[in-house]
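**Q** The structure under discussion is supplied below as structure tokens; questions concerning it will follow.
If you want it as structure tokens, here you go:
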């Protein structure tokens, strides 16, 4: 029995995809998204421990081991191998020094022992490789859940876009019908010219037929032009609708989703929708029109000569069979093309965004070599695609040419035998040409359908993910009267098996209307607390409450609209300064805008610009310094006029003078608001009502600046080199 194979949909999917293949081998079909979540996949992929824990959660027994080649031949297969130090594959059979491997990135392969050793052994100087041995326990067969109901690829969600344009499709159908009738007349006119005009020497009749052919050509061309304009109108609007809906879905996904996907993967999915759109509005419609021509001209061909009809039919079946042989290989190349293109996209974005660091560290050559390595992979893919296409086209052309020669012979013989006239033979040649073209289009349609189906699978994977705010869950849309934040027994670690906890046993109250500061060494968990409060992710254990309600009961939009935020990696959009401050307002409020500018002390900078607030900044506009960027982000947070303010190192790029002015301005703005400030520069937190000191994910001290300095504990050690304590 052939080993089940699945292609990885993303660059980092090899681990979960290997596990999915093994699940299928043992008789269960588990959705890839379910396995991803069990493996805690992130942008770095997964490790062997994560795969092991995921496998055990669904009922497997696992054992991670280092084996020699001899030991590997004695273990129970299939098993998962650590491959090339950065990949996972499934080994499912060993036979006569041949290793049968299911590689989620490349397909089912048979590898000779020498090549297998190079890929599997951990290091060149060792004779062992890493394997995850897997066997099914009884629990594996008794467990069942909804995730196994794999959603089939459905075109209904795509086809609904067409319903809006049903009137235009009626016009297209009428145009196709008219074009088919005009084309149907042509072979009879050709026969009439030869059999009547030429045989009787009637030049006037020939002139009349030629005039009729010119009129038919003008009519047919006009119909095709009109059809092209209608198709352009439909395809553009449908493409926009599909892409808009994809972006809407993308923006509904939780922030944790974007931590597990590379930029290249997301961008490639956005190009997938164009593949689907081209298939539906180009290939499908053209093929549908061609099928009508095929049916009509096939009937006419049968009317002229049944033997030629049978030859044409058999050759068509051979042609179709030849094309179908290559579909599986084309699917594999399509997946390879997606992965290579995604890598290329991510690499180019990284090169452009990281050019400053590249040049400062003199690593241009290394980074260029990395890019060239990806280009080599793209070239190899193109070579494989070209080779497949040439073999496919060569066989197709041979079948087609053989058919044309045979039909020509049969037609000529029929004329010699007096079965048909010379005009009839010429009409048959025209009809055969009209039949061949739709057949070629139909087979191209099959290939395009395969590409579109793969693209739809990748898009469906996104559409099937749960929204950040599922519609079937009840959400609160108002903040309680008591806006104090309480954290109880909070425990959190980054996604990924084996990671140490970032936060442990955090119990904390952030009083309403007060300023709470969080300090500590780098990596102590300060920013993580802030992100959990902003619901970037959910805590593994514990709870966060706002007054008397759970934070996870509040609508995300309601909560975030009440929060003004300045993060370390805040983003400046390619837009005007005005729109960067008032990002959520289509028409900014002038009074709120001026207040935000004054508090952030950015008025002088704006006044120096020739276009003032209308100056475009960001990647496509004027460059700004880190200090100016931070002041803009502070202005953005102030403009929201929120109930809560969360500042993560909000002033670390400012000079001492600007920092003092802004902090003085913020004091008045903080009145009545709940403020959480994370900082290394302790001059910004010394006036806080309560200071929380973190160390290795735990709260070790808390109190006012005066109280903590008197204790001469960890906080005292942190500030003694920054503030004058009179020691």
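Residue numbers (UniProt numbering): 1 to 727.
No residue lacks a Cβ here, since even glycine has one placed at the ideal position from N, Cα and C.
Name the DSSP bridge partner or partners of residue 178?
**A** Answer is none; residue 178 lacks a bridge partner.
**Q** Would you mind sorting residue 83 into buried or exposed? The rule is 16 or more other CB atoms within 10 Å of its CB.
**A** Residue 83 should be labelled buried.
**Q** Contact between the stretch 93-105 and the stretch 8-23 is defined here as three or more beta-carbon pairs at a separation below 8 Å; is this criterion met?
**A** A contact exists between the stretch 93-105 and the stretch 8-23.
**Q** Which residues does DSSP pair with residue 109 in a beta bridge?
**A** Answer is 101, bridged to residue 109.
**Q** Just reading off the alpha helix (DSSP H) that residue 395 is part of, what are its end residues?
**A** Start and end: 364-416.
**Q** Looking at residue 400 and residue 319, is the spacing between their C-beta atoms short of 8 Å?
**A** Their beta carbons are under 8 Å apart, which means residue 319 touches residue 400 by this criterion.
**Q** With a threshold of 7 Å on Cβ separation, who are the neighbours of residue 226 within its own chain once the five nearest residues in sequence on each side are excluded?
**A** The residues are 175.
**Q** Work out the CA separation of residue 208 and residue 202 for me, nearest whole Å.
**A** If you take the alpha carbons of residue 202 and residue 208, they lie about 10 Å apart.
**Q** Taking residue 60 as part of the beta strand (DSSP E), name the residues at either end of that continuous run.
**A** Note, residue 60: beta strand (DSSP E), 60-67.
**Q** Between the alpha carbons of residue 279 and residue 543, how many angstroms are there, rounded?
**A** Cα to Cα, residue 279 sits roughly 49 Å from residue 543.
**Q** Flag this pair as yes or no: are the beta carbons of residue 270 and residue 243 separated by less than 8 Å?
**A** The answer is yes: Cβ separation under 8 Å.
**Q** Select from 35, 65 and 652 the residue whose C-alpha is nearest the C-alpha of residue 51.
**A** Measuring from the Cα of residue 51, the nearest candidate turns out to be 35.
**Q** Between which residues of its own chain and residue 4 is the CB-CB distance below 7 Å, once the five residues before and five after are set aside?
**A** Once the five neighbours on either side are set aside, the close Cβ partners of residue 4 are 21, 24 and 25.
**Q** At the level of alpha carbons, what is the spacing between residue 2 and residue 10?
**A** Spanning the two alpha carbons is a distance of roughly 24 Å.
**Q** Could you tell me which residues DSSP pairs with residue 2 in its beta bridges?
**A** In the DSSP output, where bridge partners are listed per residue, residue 2 has none listed.
**Q** Comparing C-alpha positions only, which one of 527, 631 and 553 sits nearest to residue 598?
**A** Measuring from the Cα of residue 598, the nearest candidate turns out to be 631.
**Q** Whole alpha helix (DSSP H) runs in the stretch 621-678 with 4 or more residues, listed along the chain?
**A** Runs of the alpha helix (DSSP H) inside the stretch 621-678: 626-639 and 656-670.
**Q** Which first and last residues belong to the alpha helix (DSSP H) in which residue 707 is found?
**A** First-last of the alpha helix (DSSP H) with residue 707: 705-711.
**Q** Let me know the secondary structure DSSP gives residue 30 once reduced to three states.
**A** Residue 30 falls in the coil class under three-state DSSP.
**Q** Look up residue 520 in the DSSP assignment and give the residues it is bridged to.
**A** Per DSSP, 694.
**Q** Examine the Cβ distances between the stretch 611-618 and the stretch 529-546 and report whether three or more of them are shorter than 8 Å.
**A** Touching, no.
**Q** Starting from the Cα of residue 253, find the closest Cα among 557, 327, 465 and 607 and give me that residue.
**A** Closest by alpha carbon: 465.
**Q** Measure the C-alpha to C-alpha separation of residue 481 and residue 467 and round it to an integer number of angstroms.
**A** Their Cα atoms are separated by approximately 28 Å.
**Q** Enumerate in chain order the residues of its own chain whose CB-to-CB distance from residue 120 is below 7 Å, with the five nearest sequence positions on each side excluded.
**A** Excluding positions up to five away in sequence, the list reads 81, 83 and 129.
**Q** Which ranges does the alpha helix (DSSP H) cover as unbroken runs of at least 4 residues, wholly within the stretch 564-589, from first to last along the chain?
**A** Runs of the alpha helix (DSSP H) inside the stretch 564-589: 577-581.
**Q** Cα separation between residue 236 and residue 230?
**A** Computed Cα separation, rounded: 10 Å.
**Q** Measuring CB atoms only, is the stretch 576-588 touching the stretch 550-559, in the sense that at least three cross pairs come out at less than 8 Å?
**A** The stretch 576-588, when compared against the stretch 550-559, does not touch it at the 8 Å Cβ threshold.
**Q** Do residue 38 and residue 131 count as a contact pair if the criterion is CB distance below 8 Å?
**A** Not closer than 8 Å, so no.
**Q** With a threshold of 8 Å on Cβ separation, who are the neighbours of residue 77 within its own chain once the five nearest residues in sequence on each side are excluded?
**A** Only 91, 92, 93 and 94 meet the Cβ criterion.
**Q** For residue 315 and residue 457, I'd like the C-alpha separation in whole angstroms.
**A** C-alpha separation (whole angstroms): 34 Å.
**Q** Say the cut is 7 Å; is the CB of residue 378 nearer than that to a heavy atom of the ligand ZN?
**A** Among the components of this structure there are no ligands whatsoever, and the ligand ZN is therefore not found.
**Q** Report the residue from 140, 13 and 135 whose alpha carbon sits nearest the alpha carbon of residue 89.
**A** Checking every option, the nearest Cα to that of residue 89 belongs to 13.
**Q** Apply the 10 Å Cβ neighbour rule to residue 301 and answer buried if 16 or more other Cβ atoms are within range, or exposed otherwise.
**A** It is buried - the Cβ of residue 301 has at least 16 other Cβ atoms within 10 Å.
**Q** How should residue 455 be labelled, buried or exposed, when 16 other C-beta atoms within 10 angstroms of its C-beta is the threshold for buried?
**A** Residue 455 is buried by the Cβ-count criterion.
**Q** Taking the continuous beta strand (DSSP E) assigned at residue 558, which residues delimit it?
**A** Where residue 558 is concerned, there is no enclosing beta strand (DSSP E), although the alpha helix (DSSP H) it sits in stretches over 556-561.
**Q** Look up residue 95 in the DSSP assignment and give the residues it is bridged to.
**A** In the DSSP output, where bridge partners are listed per residue, residue 95 has 98.
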